[in-house]
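In this note's numbering, the protein residues as written are 31 to 101.
This is the structure we're talking about:
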């Protein structure tokens with residue numbers, strides 16, 4: 031159940047973000063829209079770098095800690 035929910039969120043995520051952007055962009059001034067579209071690629075890049083950092087650095091360390099703590 032948990033895996034299917036995570037997979038559904040991952041698959042539907044881009045569509046939900048697109049619909050949210052269409053809703054929000056209608057109420058923005060052109061200058062504000064320009065700022066948002068300028069910083070979205072940077073935000074996505076930083077998010078992906080953070081996810082990679084957590085997966086390869088933080089997660090192995092924390093799993094090792096909890097494995098030693100429990101066993």
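Every residue gets a Cβ at the ideal spot worked out from N, C-alpha and C, and that includes glycine.
As the structure is a computational prediction, the values presented were derived from the model and not from experiment.
Through-space distance from residue j to residue i, alpha-carbon basis
i	j	result
residue 74	residue 52	18 angstroms
residue 35	residue 89	21 angstroms
residue 85	residue 68	27 angstroms
residue 96	residue 79	24 angstroms
residue 50	residue 58	13 angstroms
residue 81	residue 56	31 angstroms
Residues near residue i by beta carbon distance below 7 angstroms, same chain, minus five either side
i	result
residue 38	none
Secondary structure of residue i, DSSP reduced to three states
i	result
residue 80	helix
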